[in-house]
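J.: Pasting in a structure now, in C-alpha cells, and then I'll have a few things to ask.
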Amino acid sequence: MKLALLGCGTVGSEVVRLMRMREEELAARVGEPVEIAGIAVRRAGRDRSHLPVDRSLFTTDAFGLIKREDVDIVVEVAGGIEPARSWITTALGEGKSVVTANKALLAEDMPAMAAAAKAGGADLYYEAAAAAAIPLMRPLRESLHGDTIKRVLGIVNGTTNYICTRMTQTGTGFAEALAEATELGYAEADPTADVDGYDAAAKAALIASLAFHTHVDLSEVYREGVTGVTPADIASAAAEGRVVKPLCIATREEDGVSVRVHPAMIPATHPLANVNGAYNAVFVEAESAGRLMFYGAGAGGTETASAVLGDIVAVARNKRGGITAFPPEAAYSDVPVKPIGEARTRYHVSLDVVDEPGVLARVAATFAHHGVSLATVHQSGRGDDAQLVVVTHIAADRQLSDTVEELSQLALVHQVTSVMRVEGE
Ligand SMILES: NC(=O)c1ccc[n+]([C@@H]2O[C@H](COP(=O)([O-])OP(=O)(O)OC[C@H]3O[C@@H](n4cnc5c(N)ncnc54)[C@H](OP(=O)(O)O)[C@@H]3O)[C@@H](O)[C@H]2O)c1
196 MKLALLGCGT VGSEVVRLMR MREEELAARV GEPVEIAGIA VRRAGRDRSH
246 LPVDRSLFTT DAFGLIKRED VDIVVEVAGG IEPARSWITT ALGEGKSVVT
296 ANKALLAEDM PAMAAAAKAG GADLYYEAAA AAAIPLMRPL RESLHGDTIK
346 RVLGIVNGTT NYICTRMTQT GTGFAEALAE ATELGYAEAD PTADVDGYDA
396 AAKAALIASL AFHTHVDLSE VYREGVTGVT PADIASAAAE GRVVKPLCIA
446 TREEDGVSVR VHPAMIPATH PLANVNGAYN AVFVEAESAG RLMFYGAGAG
496 GTETASAVLG DIVAVARNKR GGITAFPPEA AYSDVPVKPI GEARTRYHVS
546 LDVVDEPGVL ARVAATFAHH GVSLATVHQS GRGDDAQLVV VTHIAADRQL
596 SDTVEELSQL ALVHQVTSVM RVEGE
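Encoded structure:
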C-alpha cells in the first residue's frame, strides 16, 4: 500500500517520523506494509535532512504525485483552501482515499468533499481536523451512531484556553496573557484565527455536523472571540463559583440545531472547568450514553500525527477489504441551524448604576419587560462605583440583547459593563 503525503511541516514531518518508527506495527495492523510513495512540498530547496526518508521522495508536483498509479491513499497535511481542495477532489475522483487534518477546508466545503468521496467510492477521514490527538470524529461517526446526541460543549482551541487559564490563575489582562502564550509558542505570530474564534468555529461546524447528522456550514456558526474578556469578568465569575472558558456549544433543539463559539462562564465544578492550559476537551451529552468527556492535546505535530496515522491505518484496512467505511455526510438530513437570536441560555450581566433607591426595581423591571427572569442579583459599591451583577434564568439571546439595549438607555444605568453567557448548569 502506498501513500502520497501532501505537506511536510509541523504535522507532516511527524507523520514521516512516526511512520518510519512504527513501520512494522503499522504493517501488522493494516495487513501489509504502508510506504510513502512521495512527499509534496512547496519549497524544494528547504533542508529536510533530519527526516528519515530519501531526498528523492520530495517533489513540488503534488498533482503528479496524487495521480501516480501506484498511489492508493492521499494524506493532505498542507492546510489552506487551495490547492488543498483541488488535490483532495482529484484524489477522491480517482478513487483514492484521503486522510486530512484540514479543518478550514472541511468546514468551508464539506458537502462538496463528501460528494466527491461518494462519487469516487473512496474514504474521507479527518480525525485530526477537529481536536488533533483527541479521538472525537470516530466516536461521533461510529461509537455514538446508535444514540441521539443532545449537546456538545467543548474547549477546542488551546491558545484561547491557555489565555483564559492564565487570566484566571494570575488575574492578568488579555494582552499580557496573549503575550505569554506567544512567547511559549502556544499562539501564532498572527493570533487572529485563534483569539477571534475562527479556528474554533471551523471545528464547531465539523463537530456539530457529525453530532447532529446534518450539514452545519461555517457561516452558520455564531462566533465571538475572547479579546473582550476582562479581569473583571474573570473575578466576577469566580465570585459566583464559576470560571470563564472559550467554549464551542452545539445544541439539538426541537426545531433545529444551534452552534456557537464564544467565551462563557461555567460552574467551577463542571468537568470542563478543570481543563487548563493549552489542553482541549469535548463534553458530549447523549440521550442513552449520558455524559462523556474526551480530553487531551488539541494541537502539536506529534499529537496530530498520531490521529493522522490512525486514519491511515483505517483507510488502508478499508482499501484492503474493498470497502468504504462511512455513509457520506452529504446524504445526511437537512436540519435547520437556528440564528443566534434564538439560542437559549443563561446570562451574567454586570452594570454600573447610580446608587439611589429604586435602581434595582427599575433594572429588574427592564429584564421582566423582555421576558427574562432573574436567578440572582448582587449589588456592591456605593456612589459612583455602585455595581449590579445579575444572573438570569434561561432566555433567548434576542430577549437578552433587547434587554441590554433598553438598560443602556436608562438614566440610572451608567454602563452595561459586561454580558457573558452562562453554560453547563
Ligand atoms: N500544527 C498543528 O498542531 C495542527 C493541529 C491540528 C490540525 N492541523 C492542520 O494540519 C495541517 C498542516 O498544519 P501544519 O501546522 O503542519 O502546517 P505547516 O507547518 O505550515 O506545514 C505545511 C506544509 O505544507 C506544505 N505546503 C503548503 N502549501 C503548499 C503547496 N501549495 N504545495 C505544496 N506543499 C505545500 C509546506 O511546504 P514547505 O515545507 O515547503 O513550506 C509544509 O511542508 C493544517 O490543515 C492544519 O490546520 C495542524
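For the sequence shown, my numbering begins at 196 and goes up steadily by one.
Don't be surprised by glycine CBs; every beta carbon is placed ideally from N, CA and C.
1. Using the Cα positions of Met488 and Ser338, report the straight-line distance between them to the nearest angstrom.
2. Between which two residues does the alpha helix (DSSP H) harbouring Ser404 extend?
3. Counting along the chain, where does the alpha helix (DSSP H) carrying Cys359 start and finish?
4. Whole angstroms is fine: what's the gap from Asp428's alpha carbon to Gly240's?
5. Which of the three DSSP states, helix, strand or coil, is assigned to Ala232?
6. Among the residues of its own chain, which have a CB less than 7 Å from the CB of Thr571, if the five just before and after it don't count?
7. Would you check if the distance between the CB atom of Arg263 and the CB atom of Ala232 is smaller than 8 Å?
8. Taking a contact to mean a Cβ-Cβ separation below 8 Å, would you say Ala492 touches Ala327 in this structure?
9. Could you check which residue in Thr540, Ala502 and Thr425 has the C-alpha nearest to that of Arg333?
10. With hydrogens ignored, establish whether the beta-carbon of Gly315 is closer than 7 Å to any heavy atom of ligand 1.
11. Contact defined as beta carbons within less than 8 Å: I believe Glu322 pairs with Asn297. What is the distance between those atoms, to the nearest angstrom?
12. Just to check, is the beta-carbon of Asn471 closer than 7 Å to a non-hydrogen atom of ligand 1?
13. Hey, is Thr571 close to ligand 1, as in C-beta under 7 Å from one of its heavy atoms?
14. Exposed or buried, Arg238, counting other C-beta atoms within 10 Å across all chains shown (16 or more means buried)?
15. Just grab the DSSP bridge partners of Leu605 for me.
16. Fully enclosed by the segment 491-575, which alpha helix (DSSP H) runs are 4 residues long or longer?
17. For Val456, tell me which candidate among Ala445, Pro462 and Pro330 has the shortest Cα-Cα distance.
18. Which one or two residues does DSSP pair with Leu201 in a beta bridge?
19. Who are the near neighbours of Tyr417 in its chain, counting only those whose CB is closer than 6 Å to its CB and skipping five residues on each side?
20. According to DSSP, is Glu480 helix, strand or coil?
21. Please return the same chain residues whose Cβ sits closer than 7 Å to the Cβ of Ala511, not counting the five positions on each side in sequence.
22. Out of Arg616, Thr284, Tyr357 and Phe407, point me to the one whose CA is closest to His588's CA.
23. Under 7 Å from any heavy atom of ligand 1, does the C-beta of Thr205 make it?
24. Quick check for students: name the residue ranges of the alpha helix (DSSP H) that lie wholly in the segment 409-452, counting only runs of 4 or more.
25. On the three-state DSSP scale, how would you describe Ser281?
26. According to the neighbour-count rule (16 or more other Cβ atoms, all chains shown, within 10 Å of its Cβ), is Met362 buried or exposed?
27. Going along the chain, which residues of its own chain have a beta-carbon closer than 8 Å to the beta-carbon of Leu605, five neighbours each way excluded?
28. Opposite Val599 in the DSSP bridges: which residues?
29. Can you pull the DSSP bridge partners for Phe489?
30. Please classify Ala481 as buried or exposed, where buried requires at least 16 neighbouring CB atoms within 10 angstroms.
31. Can you give me the Cβ contacts of Asp265 inside the same chain, cut-off strictly under 7 Å, excluding the 5 residues immediately before and after it?
32. Starting from the C-beta of Glu415, find all residues in its chain whose C-beta is less than 6 Å away, skip the five residues before and the five after it, and write them out in chain order.
33. Could you spell out the range, first to last residue, of the alpha helix (DSSP H) harbouring Lys345?
34. Could you tell me if the beta carbon of Pro531 falls within a distance shorter than 7 Å of some heavy atom in ligand 1?
35. Does the segment 464-481 come within contact of the segment 349-359, defined as at least 3 CB pairs closer than 8 Å?
36. Examine ligand 1 and report whether any of its heavy atoms sits within less than 7 Å of the Cβ of Thr284.
T.: With the structure as the only source:
1. Each residue's alpha carbon lies about 14 Å from the other.
2. Element bounds for Ser404: Tyr393 to Phe407.
3. Unbroken alpha helix (DSSP H) run through Cys359: Gly353 to Thr365.
4. Their Cα atoms are separated by approximately 49 Å.
5. DSSP places Ala232 in strand when its eight states are reduced to three.
6. Cβ within range, chain order: Val586.
7. Arg263 is a Cβ neighbour of Ala232, given a cutoff of 8 Å.
8. The answer is yes: Cβ separation under 8 Å.
9. Put simply, of Thr540, Ala502 and Thr425 the residue whose alpha carbon is nearest the alpha carbon of Arg333 is Ala502.
10. The answer is no for Gly315.
11. Beta-carbon to beta-carbon, Glu322 and Asn297 are separated by about 12 Å, too far to satisfy the 8 Å threshold.
12. Checking every heavy atom of ligand 1 against the Cβ of Asn471, none is found closer than 7 Å.
13. Taking the Cβ of Thr571 as the reference point, every heavy atom of ligand 1 lies at 7 Å or farther away.
14. Label assigned to Arg238: exposed.
15. Answer is none; Leu605 lacks a bridge partner.
16. Taken in chain order, the complete alpha helix (DSSP H) segments of 4 or more residues contained in the segment 491-575 are 496-516 and 554-564.
17. Closest in alpha carbon position to Val456, among Ala445, Pro462 and Pro330, is Ala445.
18. In the DSSP secondary-structure assignment, Leu201 is bridged to Ala235 and Glu271.
19. Excluding residues within five positions, the ones whose Cβ falls inside 6 Å are Arg455 and Ile535.
20. It is a strand residue.
21. Same-chain partners within the cutoff: Met196, Val225, Val229 and Ile268.
22. Selected option, being the one with the closest Cα: Arg616.
23. Yes - ligand 1 has a heavy atom lying nearer than 7 Å to the Cβ of Thr205.
24. For the alpha helix (DSSP H) assignment, the uninterrupted runs of no fewer than 4 residues enclosed by the segment 409-452 are, from N- to C-terminal side, 426-434.
25. Ser281 falls in the helix class under three-state DSSP.
26. Label assigned to Met362: buried.
27. Excluding the 5 residues flanking it on each side, Leu605 has same chain C-beta neighbours closer than 8 Å at Arg557, Val558 and Thr561, in chain order.
28. Under the DSSP definition of a beta bridge, Val599 lacks any partner.
29. DSSP lists Val477 as partners of Phe489.
30. In the assembly as shown, Ala481 is a buried residue. Its beta-carbon has 16 or more other beta-carbons within 10 Å.
31. Annotation for Asp265: Lys197 and Ala232 place their beta carbon closer than 7 Å to its own, counting only its chain and skipping 5 residues before and after.
32. Taken in chain order, the residues that qualify are Val532.
33. Counting along the chain, Lys345 falls outside any alpha helix (DSSP H), though it belongs to the beta strand (DSSP E) covering Ile344 to Ile350.
34. Not under cutoff, so the answer is no.
35. Judged by pairs of C-beta atoms under 8 Å, the segment 464-481 touches the segment 349-359, as three or more such pairs exist.
36. False, no ligand heavy atom lies under 7 Å from that Cβ.
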